[in-house]
Amino acid sequence: MHSSDQPESTAEMFGLLLRHFRVLAGLSQDQLGKRIGYSKSQVAMVERGARPPTDVFVQRADEVLRAHGALIVAAPKPPKQTERRNPLPGWFTPFADEEEKAWARHSHENQVMPGLLQTEAYARAVFASHYPTYDDDEIEAKVAARLERQKLLSRRPLPDISFVLEVIVLTRPIGGRRVMKAQLHHLAEVARLRHVRIQLMDPDREDHAALDGPFVLLETDKRQQLAYIEGQGGSFFVTEQPELGNLFGQYGVTRAQAYTPERTLEKIEKMAEEL
Numbered sequence: 001m002h003s004s005d006q007p008e009s010t011a012e013m014f015g016l017l018l019r020h021f022r023v024l025a026g027l028s029q030d031q032l033g034k035r036i037g038y039s040k041s042q043v044a045m046v047e048r049g050a051r052p053p054t055d056v057f058v059q060r061a062d063e064v065l066r067a068h069g070a071l072i073v074a075a076p077k078p079p080k081q082t083e084r085r086n087p088l089p090g091w092f093t094p095f096a097d098e099e100e101k102a103w104a105r106h107s108h109e110n111q112v113m114p115g116l117l118q119t120e121a122y123a124r125a126v127f128a129s130h131y132p133t134y135d136d137d138e139i140e141a142k143v144a145a146r147l148e149r150q151k152l153l154s155r156r157p158l159p160d161i162s163f164v165l166e167v168i169v170l171t172r173p174i175g176g177r178r179v180m181k182a183q184l185h186h187l188a189e190v191a192r193l194r195h196v197r198i199q200l201m202d203p204d205r206e207d208h209a210a211l212d213g214p215f216v217l218l219e220t221d222k223r224q225q226l227a228y229i230e231g232q233g234g235s236f237f238v239t240e241q242p243e244l245g246n247l248f249g250q251y252g253v254t255r256a257q258a259y260t261p262e263r264t265l266e267k268i269e270k271m272a273e274e275l
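Note that the UniProt record's numbering has the sequence shown beginning at 1, numbered continuously upward.
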């Protein structure tokens, strides 16, 4: 919510209405989240107008809070054409804005090369495999947006950036052998940057702290912390404690369990040569 007492967007107005019905129902953000299948952080972000609610969120909240359709009517409804032209999903835009200014960015990935590390050809292959299928214009727009985000790697002042990758990320030949070979050479170049640390998880480990899946951690230019978690069922932000602190702690343990950046670079170079 902005400093003004008046909401400045339909998302903020919806957030105020959601909070009104939640308080009337005598529920905390955590309690509402558990009843509708979302986290406390997600409920908090919707109430602040920082993230537009999904259709499922709106329908479940309206039912649980007995709003009799009021939340459904008030829910933000962005034009479908605008959404289709935008290469970044609406819910991801606030995160991308913070990422662009971030003082530090850390992530764990277990399936696909992180967007910040992708070559143009690799990114195009990723979007070309998407289901439902993107048309050519959509693919090109999304590739361009992904490459634009990579300016973070060379931004001044230099941010602190780190990645922990599962080995499968480097061995799955997305786009074919030639594309993957170029991707590995590019990865090695980025790994040599002094402000970037890339670590591979030891594939022989029986377990590690990040088995739950991929996530991204940000420390903003205002030294605030934010997490973004991706999953097949949807993606969401984490802004509240203790969940946020747990994720940063989890990442620290994960890095300690992975190969060192130096050993990782050696393995990347060897894999590129052998491909």
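Glycine is no exception: its CB is placed at the ideal position from the N, C-alpha and C atoms. Computed from a predicted model, the values in this text were never measured in an experiment.
Beta-carbon proximity list for residue i, same chain, < 6 Å, skipping 5 on both sides
i	result
R60	I36
T82	Any reading at T82 needs caution, since the residue's pLDDT is 40, under 50, leaving its predicted position unreliable; the model's value is listed next. If we look at T82 and ignore the five residues flanking it on each side, it has no Cβ neighbours.
E230	P214
Residue i, enclosing alpha helix (DSSP H) - first and last residue
i	result
V143	D136 to R149
G245	E243 to Q257
T171	I168 to T171
residue 300	There is simply no residue 300 to check, as the chain begins at 1 and stops at 275 in what is shown.
H185	R177 to A191
I268	P261 to E274
residue 363	Any answer about residue 363 is impossible in this case: the structure gives the chain only from 1 up to 275.
Enclosing beta strand (DSSP E) for residue i [first to last residue]
i	result
V238	F236 to V238
Rounded straight-line distance, which links the Cα of residue j to that of residue i
i	j	result
Q152	E99	A small correction: the amino acid at residue 152 is Leu; Gln does not occupy that position in the sequence shown. One C-alpha to the other measures close to 8 Å.
G252	G69	44 Å
T260	T254	11 Å
P79	T54	Note that P79 scores 46 on pLDDT, short of 50, meaning its location in the model is unreliable; the coordinates nonetheless yield the value given after this. Roughly 14 Å separates the two Cα atoms.
A256	T10	44 Å
P159	A102	7 Å
A104	Q31	32 Å
F127	V143	8 Å
S129	L165	21 Å
K267	V169	13 Å
R197	K222	22 Å
L218	Q224	8 Å
G213	T133	24 Å
A96	R48	18 Å
In DSSP terms, what residue i is bridged to
i	result
Q225	E219
F163	S107 and I198
7 Å CB neighbourhood of residue i in its chain, flanking five on each side removed
i	result
L275	R177, M180, K181 and L184
residue 282	Outside the displayed range of the chain (1 to 275) lies residue 282, so it cannot be described from this structure.
G26	none
A258	V164, Q199, L200, M201 and D202
R139	Arg is not the amino acid found at residue 139; the sequence shown has Ile there. The residues are R124, F127 and A128.
H106	S162, L217 and Y251
Close Cβ partners of residue i (< 8 Å) along its chain, the five nearest in sequence each way excluded
i	result
I62	It should be noted that the sequence gives Asp, not Ile, for residue 62. H68, G69, A70, L71 and I72, listed in sequence order.
Residue i: CB within 8 Å of a non-hydrogen atom of the ligand FAD
i	result
Q199	Ligands in the displayed structure: none, and consequently the ligand FAD is not present.
Chain D contact for residue i (CB, 9 Å cutoff)
i	result
Q199	Going by chain labels, chain D is absent from the structure shown, which holds only one protein chain.
Do the region 113-131 and the region 139-151 make contact, defined as three or more Cβ pairs closer than 8 Å? The region 113-131, when compared against the region 139-151, does touch it at the 8 Å Cβ threshold.
Okay, do the region 160-167 and the region 190-199 touch, 3+ Cβ pairs below 8 Å being the bar? Contact holds: three or more Cβ-Cβ distances are below 8 Å.
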